[in-house]
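All the letters of the sequence shown, read from the start, carry residue numbers 1 to 286 under this note's numbering.
Shown next, in structure tokens, is the structure this report addresses.
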Amino acid sequence: MRPVHAAAAVLTILAMGAAIAAGGRAVLQDENGRVAARAQAGIAAQSQVPATSANPRPKAASPEAHSRAIDPEVVAPPQLQPQELERVEPRAPLSELALAGPPKPPKTKMPDDWSGTKLFQPVASAAGVIEAKGYSVAISGVDIVRQDETCADGGKSWTCGTRARTAFRAFLRGRAVVCTVPPEGGRDLITAECRVGNQDVGQWLIENGWARAAKGGPYVEAGEKAHMARKGIFGPAPSLSGLPPAPAPFATTAPPTQPILEPSATATPPTDSSARPPTDQPAPSE
């Protein structure tokens with residue numbers, strides 16, 4: 001009986017294996033059919049969708065979130081009554097640096113016994129202007145009389161500016177002038193008081209009428225006296241009667257020009273039979 005049972009068991013196992021293999025093939029074929037159907041459905045759907053559908057659609061901008069609610073009915077700040085406003089003084093600066101301005105140029109410190117700068121060999125460029133030692137000083141309280149200025153006298157004009165400058169130069173005579181200018185000179189015109197010894201230069205110019213007193217200056221009264229006395233530029237033109245008469249102009253005549261070679265020079269020079277060659281030279285060879 002044992003061989004019969006063994007053969008029956010083997011046949012049962014083979015039958016079960018064949019049934020399992022057949023069931024697996026059926027399941028695989030069914031799954032492959034579903035996948036193929038899905039693929040065909042996808043291809044058909046893609047053929048019907050337009051080409052522009054591949055582009056991403058723009059997203060709608062989301063409204064900005066406000067930090068607080070705004071009343072749309074209020075378009076301006078509320079009006080306040082004048083009684084509600086109060087003027088308040090500004091606050092004090094945080095430090096002293098806030099009050100600092102631009103740096104100021106250093107001031108030249110004068111010695112305690114300083115009474116002026118001595119200018120040697122001064123030259124008067126105009127009546128009231130002195131140039132010396134790199135300085136150009138205008139006498140204070142005086143209106144400068146320019147060199148090209150003219151004055152009228154009885155309907156005639158005369159060069160009072162040149163005459164005033166000449167008189168000022170004669171007063172200076174190259175003497176040293178002391179002016180209240182800084183120890184170091186510059187190119188700019190400086191207005192200062194000057195004196196020669198104990199004589200005030202501005203006072204001398206105004207009293208003698210060789211300059212006009214500036215309005216509001218210290219020489220106004222002296223200028224009025226010089227104007228009433230007709231001194232200097234306020235007076236008549238200088239008389240030229242004592243001067244020798246000017247020489248009469250004469251015309252210079254050029255000597256007649258002569259040609260370089262005169263006609264007579266082109267003629268044949270006279271022959272002299274007695275002319276002989278120098279004895280110290282050898283005779284020409286034949």
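Using N, Cα and C, we set each Cβ at its ideal position, and we do this for glycine too.
On a predicted model such as this, the values are computed, not experimentally measured, just so you know.
- Per DSSP, reduced to three states, the secondary structure at Arg-163 is helical.
- Contact check for Gly-209 and Phe-234: beta-carbon distance about 5 angstroms, within the 8 angstroms limit, so the pair qualifies.
- Fewer than three pairs of CB atoms, one per stretch, sit closer than 8 angstroms, so the region 149 to 161 makes no contact with the region 94 to 103.
- Remark: fewer than three beta-carbon pairs, one from each stretch, lie closer than 8 angstroms, so the region 220 to 230 and the region 161 to 173 are not flagged as touching.
- The Cβ-Cβ distance between Val-220 and Cys-194 does not fall below 8 angstroms.
- For Leu-189 and Pro-102, the gap between their C-alpha atoms comes out near 26 angstroms.
- Ala-9 sits exposed, since fewer than 16 C-beta atoms from the chains shown fall within 10 Å of its C-beta.
- Look at Asp-143 here: in three-state DSSP terms it is strand.
- Here DSSP, grouped into helix, strand and coil, assigns Val-181 to coil.
- Across the structure, Val-196 and Glu-131 are spaced so that their CA atoms are roughly 14 angstroms apart.
- In the structure shown, Leu-85 adopts coil according to DSSP, grouped into three states.
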